[in-house]
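Below is one structure, written out as structure tokens, with a few remarks after it.
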Amino acid sequence: MTTAIQLDGLSKTFGRGKRRLEAVRDVTLEVPAGQVYGFLGPNGAGKTTTIRMLLALIRPTQGAMQVFGKAPGDSDVLRQVGSLVESPSFYPYLTGRGNLEVLARTANQVDRARIDALLEQVNLGARGRQKVAKYSLGMRQRLAMAAALLNDPPLLIFDEPTNGLDPQGIHEMRQFIRYLVDVQGKTVFLSSHLLNEVEQVCDRVAIIHRGALLREGNVEALLAETIRVRVQAEPPDQALIAIGERWKAVQEGDNILVEARRADIPEIAAKLTARNIAVYHLSEDKLSLEAYFLAVTRGETV
Amino acid sequence: MVNLFRAEWRKIVGNRPVALMLVWIYPIGAAVIMALAILAALLSEEVRSATRNAPQPWTAISVSAWSAINNSIGRILLLILTAYLFAGEYQWGTWKNIIPRTSRSRLLIAKFIALGVFIIIGYGSMTLIAALGSIIINSIAGAAILPPLNDTAALGTFARDYLISAFLALSLALVAACFTAIGGMATRSIIGGIVVGVLLTFADEALAGVLFVIGGLIPSLAGLFTVYYFMPSYNMGNISSIIMTGQPFRQFTMLPEQFTVITHSLETSVLIMVIWLVVLIGLIFFLFRRQDILG
Chain D
54 MTTAIQLDGL SKTFGRGKRR LEAVRDVTLE VPAGQVYGFL GPNGAGKTTT IRMLLALIRP
114 TQGAMQVFGK APGDSDVLRQ VGSLVESPSF YPYLTGRGNL EVLARTANQV DRARIDALLE
174 QVNLGARGRQ KVAKYSLGMR QRLAMAAALL NDPPLLIFDE PTNGLDPQGI HEMRQFIRYL
234 VDVQGKTVFL SSHLLNEVEQ VCDRVAIIHR GALLREGNVE ALLAETIRVR VQAEPPDQAL
294 IAIGERWKAV QEGDNILVEA RRADIPEIAA KLTARNIAVY HLSEDKLSLE AYFLAVTRGE
354 TV
Chain C
591 MVNLFRAEWR KIVGNRPVAL MLVWIYPIGA AVIMALAILA ALLSEEVRSA TRNAPQPWTA
651 ISVSAWSAIN NSIGRILLLI LTAYLFAGEY QWGTWKNIIP RTSRSRLLIA KFIALGVFII
711 IGYGSMTLIA ALGSIIINSI AGAAILPPLN DTAALGTFAR DYLISAFLAL SLALVAACFT
771 AIGGMATRSI IGGIVVGVLL TFADEALAGV LFVIGGLIPS LAGLFTVYYF MPSYNMGNIS
831 SIIMTGQPFR QFTMLPEQFT VITHSLETSV LIMVIWLVVL IGLIFFLFRR QDILG
């Protein structure tokens with residue numbers, strides 16, 4: 054499978070002395086082409102700094118990056134990447150269409166028909182001749198999406214693309230991102246702090262926290278890696294003691310919730326029956342990405 | 591590069607108040623002044639008589655119009671235009687949209703070209719309107735049109751003087767523009783660019799006076815005055831003086847003996863100016879290529 058993005062030991066430090074801030078620390082990851090890759094982390098985790106390095110807006114302190122096998126900033130790479138970085142910014146005195154024309158000219162790829170089509174696609178067709186100063190945040194975000202797609206790039210880098218959108222707009226944006234990958238075959242690198250967004254849209258995910266990469270992998274595989282086992286047994290206090298010898302467990306009503314892997318289930322059952330504890334119910338609860346993310350970022354073993 | 595230049599053009603011309611105040615003001619201002627002068631010539635015999643008695647050569651009016659770029663108002667407008675071009679992207683947060691689309695060096699080159707084109711269009715049209723107005727006024731007054739429009743030798747001299755004046759004005763303006771661009775990029779703001787541009791331009795022009803005072807008060811430091819002979823304002827003055835009068839530039843006709851008097855040749859002054867421009871433009875490229883775009 055082709056690799057769209059490769060980061061190798063990427064680090065960025067701002068300032069010196071007491072003002073020194075390690076925004077990104079030794080991040081290594083590979084983004085396969087043809088997928089939505091989620092870059093998940095709380096605000097200030099280093100997501101935007103990483104994206105800015107990928108777009109040649111920030112120089113890394115250390116490490117290497119490749120986009121489709123070439124350094125970011127290479128003229129071939131520039132043509133293959135579309136981006137939407139943080140809050141959308143445009144020339145307020147130009148129309149939406151005028152802004153897209155300026156960006157198209159900057160990229161030396163002026164196609165007025167495509168500009169019109171993109172404005173229609175992001176529901177700004179009727180407002181394209183209005184000055185951006187009069188746009189709402191949601192309209193600017195949609196204009197930024199059109200700007201990212203201007204040169205029909207195979208790789209799209211979106212930083213918090215649903216910021217400022219209403220619920221309907223968020224839903225449409227997520228569908229659109231999937232459409233770009235599933236139908237048009239593009240690769241999307243999507244940074245977000247919204248767990249449900251990443252869970253709904255992404256194929257793979259990397260979790261970044263305080264500048265460091267904590268986990269990376271296929272979303273389903275990551276969640277399957279850890280399950281919670283729900284046990285109903287009699288007597289419950291003895292069952293809790295028996296299970297607690299090996300796993301972290303808590304009692305919740307009639308249930309005992311055990312942090313364990315799927316492969317541990319037979320062993321839990323064997324341990325309880327060996328002590329003559331009657332087992333009435335034994336099932337797995339899959340973690341949501343939210344629970345997984347919170348566990349990872351709190352430094353818990355999952 | 592043509593598309594990049596057209597993008598820069600759109601950014602300035604698309605902002606009508608800015609384009610009006612910083613670019614179109616020159617031809618419009620010249621047209622208004624000439625229209626009023628023509629009206630006065632049409633209505634007043636006194637004006638016509640004065641024009642007949644002392645007809646102004648249209649060539650001199652046209653050539654001298656270039657000096658407006660380096661007077662106080664012209665300089666400030668130039669600095670604002672430069673700051674707007676180079677620092678506006680920080681103000682609007684638009685670098686993040688355009689840097690991922692082309693190289694930083696090409697973006698800067700396009701901005702320098704746009705600045706040059708706007709100045710040439712603004713001032714060039716102003717000088718042409720001034721020349722045309724002068725010819726019309728002289729015609730209305732029945733005065734001689736000097737030099738005659740069919741005098742090819744005079745037209746040749748005019749073309750030479752016009753190009754030299756434009757070159758000198760643009761060179762000095764480019765130095766001020768570089769100061770402003772550096773300030774705008776370092777402070778990441780239009781206002782910051784203008785303030786730095788004004789301060790450095792003023793420092794360049796005021797340095798001679800400051801060093802003169804220091805050398806006068808502390809004779810052992812009089813040697814510092816030599817620095818003045820390597821500043822842009824002295825060397826542009828020297829180039830202009832040698833070309834126009836054949837004499838080297840002398841801002842100070844009488845200097846106390848502790849000061850060293852240096853007279854640069856035309857070639858030396860040109861070389862010093864080239865070095866200044868190469869260093870300043872190089873510094874702009876160096877700063878921008880290394881700068882992290884955070885906004």
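Chains D and C are the protein sequences, given in the same order.
Counting from 54, one number per residue, gives the positions in the first sequence under the working numbering.
Counting from 591, one number per residue, gives the positions in the second sequence under the working numbering.
In this text, a Cβ means the ideal position worked out from N, Cα and C, and glycines have one as well.
For clarity, every value in this text was computed on a predicted model and none was experimentally measured.
Query, Result
"Can you give me the C-alpha to C-alpha distance between D:T55 and D:R182, rounded to a whole angstrom?", "40 Å"
"Which ranges would you report for the beta strand (DSSP E) in the region 281-330 of chain D if only whole runs of at least 3 residues count?", "301-305, 308-313"
"Looking at chain D, is there any beta carbon in it that lies within less than 7 Å of the beta carbon of C:R778?", "no"
"Three-state secondary structure (DSSP) at D:H224?", "helix"
"Give a yes or no on whether the minimum CB-CB distance between C:A597 and chain D is below 7 Å.", "yes"
"For the 8 Å Cβ check, are there 3 or more pairs between the region 135-142 of chain D and the region 188-204 of chain D?", "yes"
"Rounded C-beta distance between D:V284 and D:L208? I'm assuming under 8 Å.", "Rounded, the Cβ-Cβ distance is 46 Å, inconsistent with contact."
"Tell me whether C:R880 is buried or exposed, calling it buried when 16 or more other Cβ atoms sit within 10 Å of its Cβ.", "exposed"
"Between D:V234 and the rest of its own chain, which residues show a CB-CB distance below 6 Å, the 5 nearest in sequence each way excluded?", "V89, V241"
"For the region 618-672 of chain C, list the alpha helix (DSSP H) runs that are entirely contained and at least 4 residues long, ordered along the chain.", "635-643, 648-654"
"Can you tell me whether DSSP reads D:Y333 as helix, strand or coil?", "strand"
"At a CB-CB cut-off below 8 Å, which residues of chain D make contact with C:W682?", "S142, F143, Y144, P145"
"In chain order, what residues of the same chain lie with their CB nearer than 7 Å to the CB of C:P647, ignoring the 5 residues before and after it?", "L736, P737"
"Could you spell out the range, first to last residue, of the alpha helix (DSSP H) harbouring C:F702?", "694-731"
"Grab me the residues of D:K123's own chain with a C-beta within less than 7 Å of its C-beta, minus the 5 sequence neighbours each way, in chain order.", "D129, V130"
"Quick one: which residues of the region 653-672 of chain C get their C-beta closer than 9 Å to a C-beta of chain D? List them in chain order.", "none"
"May I ask you to report which of helix, strand or coil DSSP gives C:P822?", "helix"
"Can you give me the C-alpha to C-alpha distance between C:G787 and D:R263, rounded to a whole angstrom?", "40 Å"
"So D:V332 and D:A286 are supposed to be a Cβ contact under 8 Å. How far apart are they, rounded?", "5 Å"
"What does DSSP give as the partner residue(s) for D:N271 in the beta ladder?", "D:R257"
"Suppose you measure from the CA of D:Q115 to the CA of D:R78; what does that come to, to the nearest Å?", "9 Å"
"Using DSSP's beta-bridge definition, name the partner residues of C:I615.", "Answer is none; C:I615 lacks a bridge partner."
"With a threshold of 16 other CB atoms inside 10 Å of the CB of C:V608, please say whether the residue is buried or exposed.", "buried"
"First and last residue of the beta strand (DSSP E) that includes C:I871?", "Looking at the DSSP string, C:I871 is not in any beta strand (DSSP E); the run it does join, the alpha helix (DSSP H), is 856-880."
"Chain D beta carbons: is any one of them nearer than 7 Å to that of C:K701?", "no"
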